[in-house]
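One structure is given here, and the rest of the page talks about it.
In UniProt numbering, the protein residues as written are 1 to 107.
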């Protein structure tokens, strides 16, 4: 399975999410179909970042791929729960759980 992991850090806002979106689109263009965004180093995310992640999810699904999130801090998880985005995204506790549930071996 071809996959890629992105690890944004600190604050995620509309600008940084736009950069992430470009990187995800580049990966899709390279034929990657499974995308994991590891949020372990993200301390805060604003509403424009949530919107950009939803748009990124739509792009990935439109290309026949999957986009998952993992390692959400308590604050970021709360944002996802309050906006009900936790129902839209596949969210894993950490990278290891993602890899196990998607039958990916560590390299």
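All C-beta atoms in this analysis are idealised placements derived from N, C-alpha and C, irrespective of residue type, glycine included.
For residue 70, the beta-bridge partners assigned by DSSP are 38, 92. At least 8 Å separates the beta-carbon of residue 98 from that of residue 57. Nearest Cα to residue 73 within the set 38, 67, 50, 65: 38.
Counting the other Cβ atoms within 10 Å of the Cβ of residue 71 gives 16 or more, which makes it buried. The beta carbon of residue 40 lies closer than 6 Å to those of 71 in the same chain, with the five residues before and after it left out. Separation of the CB atoms of residue 47 and residue 25 is rounded to 22 Å, and the pair is thereby denied contact status at 8 Å. Shown here, residue 4 sits in a strand according to DSSP, grouped into three states.
Beyond the five residues adjoining it in sequence on each side, residue 27 comes within less than 7 Å, by CB distance, of 4, 35 in the same chain, given in chain order. Taking residue 52 as reference, the option from 102, 23, 101 with the minimal CA-CA separation is 23. Distance from the CA of residue 64 to the CA of residue 33, rounded to the nearest whole angstrom, comes to 7 Å. If you ignore the 5 residues before and after residue 101, its C-beta comes within less than 8 Å of the C-beta of 92, all in its own chain and listed in chain order.
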